[in-house]
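Note sheet for the following structure.
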Amino acid sequence: MKYCDYPSRSLMVMACQRGIQVYDADGSVMLYWHSLVPPSSDEVSASFARGISTFQDCMLCIGTDSGNILIFDVPTRGANIVLREMLKGHTAPISCLFNKEDLLGSGDDSGKVVVWQHDVDSNSIQVLTTIDIQGSPCSSVLLWEELVIVAYASGLIRVFNVLGRLHAEVAAHARWITAMDVAPATGLVLSVSEDSFAKIWQLKSEDTVEIEHKASECVQDVQLCGCRFTSVNGSSFCVTGYDLAEVICFAAK
Amino acid sequence: MSLRTLPLLFINLGGEMVYILDQRLKAQVIPDEKAKKVLHDIVSTMFNRRFMDELFKPQELYSKKGLRTVFDRLAHASIMRLNTASMDKLYDLMTMAFKYQVAMSLTPRDVLLVTLNHIDAIQSFVAESPVISGHVDNVYQLLITNYGKLSIGEFQLIRQTLLNFFQDMHIRVSIFLKDKVQNSNGRFAISTAGMVPYGSEPPGIIRMFSTEGEHVKTASFPSGGNYTYSMQQGSIELQGNRCTQLGTNMYAMNKPFETTISVPAPQQPMSMVREHE
């Protein structure tokens, strides 16, 4: 589930088994439903949607288990959400999507990452880069400056440039990395994992690209599964965990 | 959610049930012949071929109530009788044990290894009966056919479906509390030491690469824990080394133990097995 913020509205989007639901900002009215299975089908379907992102302030992107990414046009008001195209760059289920300006990063269960670029003039979305390192599912992808940061199920984080060149590799966590976030103003990256750790990293991209470990926080006995910076500069963040009813918040001293 | 989860849920819970019943039959000094008949009848019902064929079809999980009914019936598939309180305690133990095994699996694929540990143990319980042993072999083959080649992503989906099913269950189990694998608040203890999954690297290293792709610099950082490499990958072969203790019989250890479950009221032993002929 994700809140998608556009210049003139916010939408609550849920990627579910069999389809996608789009609600208004407070979740009270369902504006749009997209089914991944034919309506007449009564059969049990394994289809699911996973990975939600806005794109260029006017589109909504949703990943699917087939590897396709559905792109919807979102109007400034009203419920006239329309499927405009399907991006076909993956064959394994999509695990994550991330948007920064005219770029969209997508990762899948095989470990492949694709960076897509939207060309405003032709209004088309094309593949800019494919980073195909197989072996471990990609669990999260971020875009910051000219960099693509990818987290893997193996606990590794890799930093590439948008053209696919590997700059750094971090053995970051002892278990599946479940989520990441980036603070755009400062280049701080937050990663959380089932190993119960939340870790903060500093990206640098001036002369050389570097990544440095800044801090670790252990939330004892909790397998963390979600995280978000709650300030633009990354001085505070929240995490969620399996079987945990609370959202745990941290702030820099 | 994965549509392939139900067989794993059923087989593992069934395996835990067999472990607990075996322990209780021994603790209450039920004669060997009768104890064997109870376990043979239950395993035979559990692994009935037609039921297994239906179970392995892609489908959603049963509801919690539905699954409990299945196990109520299974527990009464022999001459053994359980009162409601005993059945409640048995089911709580089964579910918390499997929840622990799924949560603590090093990798999602370990859920299959946990299942095979249960199958291996069940096979040893029924080794004297070629017919029932044949049923267990059949289930082993079904597991390998259906799960042997799944990807890590598909296993993670199965694992997440199972964890979803067990969410918010925090029943405290005395054998877990004693071994300090569960806290008094019901949460499982997650160690920050131990092995990382096979093929993964212990955290603590940053490698930097040049524009030519050469590894030029290494930095280290405190990982916050004490982790080591896994030296061997668990095997799914018939007689393979599963490389995990999860799913093995924790009641078969050589130490005094109880299978009581702590309850808010005064502690009661699990007085379940009353023979009924």
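Top line first, the protein sequences correspond to chains A and B. So the first sequence is numbered by my numbering: it starts at 1 and just counts up by one. So the second sequence is numbered by my numbering: it starts at 1 and just counts up by one. Even for Gly, the Cβ is constructed at its ideal location relative to N, Cα and C.
{"Check": "Does Gly241(A) come out as helix, strand or coil in the three-state DSSP assignment?", "Outcome": "strand"}
{"Check": "Taking the alpha carbon of Trp176(A) as the reference point, which residue from Ser44(B), Pro108(B) and Ser78(B) has its own alpha carbon closest?", "Outcome": "Pro108(B)"}
{"Check": "Output the distance between the C-alpha atoms of Met17(B) and Glu212(B), rounded to the nearest integer angstrom.", "Outcome": "58 Å"}
{"Check": "Please confirm if Val22(A) has its CB atom under 9 Å from at least one CB of chain B.", "Outcome": "no"}
{"Check": "Beta strand (DSSP E) containing Asn161(A): first to last residue?", "Outcome": "Leu156 to Asn161"}
{"Check": "Please state the DSSP three-state secondary structure of Thr97(B).", "Outcome": "With the sequence shown as reference, residue 97(B) is identified as Ala, and Thr is not the correct amino acid for it. Here Ala97(B) sits in helix by DSSP."}
{"Check": "Could you compute how far the alpha carbon of Pro266(B) sits from the alpha carbon of Ile171(B)?", "Outcome": "The predicted position of Pro266(B) is uncertain, since its pLDDT is 32 and thus under 50; a value taken from the coordinates is nonetheless stated next. The straight-line gap from Cα to Cα measures roughly 16 Å."}
{"Check": "If we count the other Cβ atoms within 10 Å of its Cβ and call it buried at 16 or more, is His215(B) buried or exposed?", "Outcome": "exposed"}
{"Check": "Helix, strand or coil for Phe166(B)? Go by DSSP, reduced to three states.", "Outcome": "coil"}
{"Check": "Is the Cβ-Cβ distance between Ala153(A) and Gly153(B) less than 9 Å?", "Outcome": "yes"}
{"Check": "Going residue by residue through the region 108-133 of chain A, where are the continuous alpha helix (DSSP H) segments of at least 4 residues, counting only ones entirely within it?", "Outcome": "none"}
{"Check": "Please decide whether Tyr6(A) counts as near chain B, where near means a Cβ-Cβ distance under 9 Å.", "Outcome": "no"}
{"Check": "In chain A, what lies closer than 7 Å to Arg50(B) by C-beta?", "Outcome": "None at all; the shortest Cβ gap to chain A is about 19 Å."}
{"Check": "Applying the criterion that 16 or more other CB atoms from any shown protein chain within 10 Å of the CB defines a buried residue, is Cys138(A) buried or exposed?", "Outcome": "buried"}
{"Check": "What is the residue span of the beta strand (DSSP E) that Ser174(B) lies within?", "Outcome": "Segment Ser174 to Lys178 is the alpha helix (DSSP H) holding Ser174(B); no beta strand (DSSP E) there."}
{"Check": "Ser86(B) to Phe176(B), Cα distance in whole Å?", "Outcome": "19 Å"}
{"Check": "Could you name the residues of the same chain whose beta carbon sits closer than 8 Å to that of Ser288(A), not counting the 5 residues immediately before and after it, in chain order?", "Outcome": "Given that chain A is displayed from residue 1 to residue 253, the structure contains no residue 288(A) and the question cannot be resolved."}
{"Check": "At 7 Å on the CB atoms, spell out the chain A contacts of Phe10(B), in chain order.", "Outcome": "Chain A residues near Phe10(B): none, gap ~17 Å exceeds 7 Å."}
{"Check": "Given Leu13(B), which residues of its chain have a CB within under 8 Å of its CB, disregarding the five upstream and five downstream residues?", "Outcome": "Leu67, Phe71, Met94, Thr95 and Phe98"}
{"Check": "Spatial neighbours of Val239(A) within its chain, please: C-beta separation below 6 Å, excluding the five flanking residues on both sides.", "Outcome": "Val192, Ala198, Leu224, Cys227 and Ile248"}
{"Check": "What's the C-alpha gap between Ser47(A) and Thr64(A)?", "Outcome": "7 Å"}
{"Check": "Secondary structure at Lys149(B), three-state DSSP: helix, strand or coil?", "Outcome": "coil"}
{"Check": "Would you give the residue range spanned by the alpha helix (DSSP H) that Ala127(B) belongs to?", "Outcome": "Here Ala127(B) belongs to no alpha helix (DSSP H), and DSSP marks it neither H nor E."}
{"Check": "As an exercise, report each continuous beta strand (DSSP E) stretch of at least 3 residues that is fully enclosed by the region 159-189 of chain A, in chain order.", "Outcome": "166-171 and 177-183"}
{"Check": "If we define contact as Cβ-Cβ less than 9 Å, is Leu106(B) a contact residue for chain A?", "Outcome": "yes"}
{"Check": "Smallest Cα separation from Phe221(B): which of Asp102(A), Ala172(A) and Thr208(A)?", "Outcome": "Ala172(A)"}
{"Check": "List the residues of chain B that Phe197(A) touches, going by C-beta distances under 9 Å, in chain order.", "Outcome": "Thr192, Pro203, Ser223, Gly224 and Gly225"}
{"Check": "With Arg73(B) as the anchor, note down where its alpha helix (DSSP H) starts and where it stops.", "Outcome": "Lys64 to Ala75"}
{"Check": "If you draw a straight line from the C-alpha of Arg4(B) to the C-alpha of Met52(B), how long is it?", "Outcome": "13 Å"}
{"Check": "If contact is defined by three or more beta carbon pairs under 8 Å, each pair taking one atom from either stretch, is the region 122-138 of chain B in contact with the region 38-45 of chain B?", "Outcome": "yes"}
{"Check": "Going along the chain, which residues of its own chain have a beta-carbon closer than 7 Å to the beta-carbon of Ile94(A), five neighbours each way excluded?", "Outcome": "Arg50, Gly51, Gly63, Thr64, Gly67, Ile69, Ser106 and Asp108"}
{"Check": "Residues in its own chain within less than 6 Å of Val150(A) by CB, not counting five upstream and five downstream?", "Outcome": "Val113, Cys138, Val141 and Arg158"}
{"Check": "Which stretch, first to last residue, makes up the alpha helix (DSSP H) that contains Val209(A)?", "Outcome": "Here Val209(A) belongs to no alpha helix (DSSP H), and DSSP marks it neither H nor E."}
{"Check": "Is Leu60(A) near Leu11(A), with beta carbons less than 9 Å apart?", "Outcome": "yes"}
{"Check": "Taking 6 Å as the limit between beta carbons, can you name the residues of its chain near Ala77(B), skipping five residues before and five after?", "Outcome": "Asp41, Ile42 and Thr45"}
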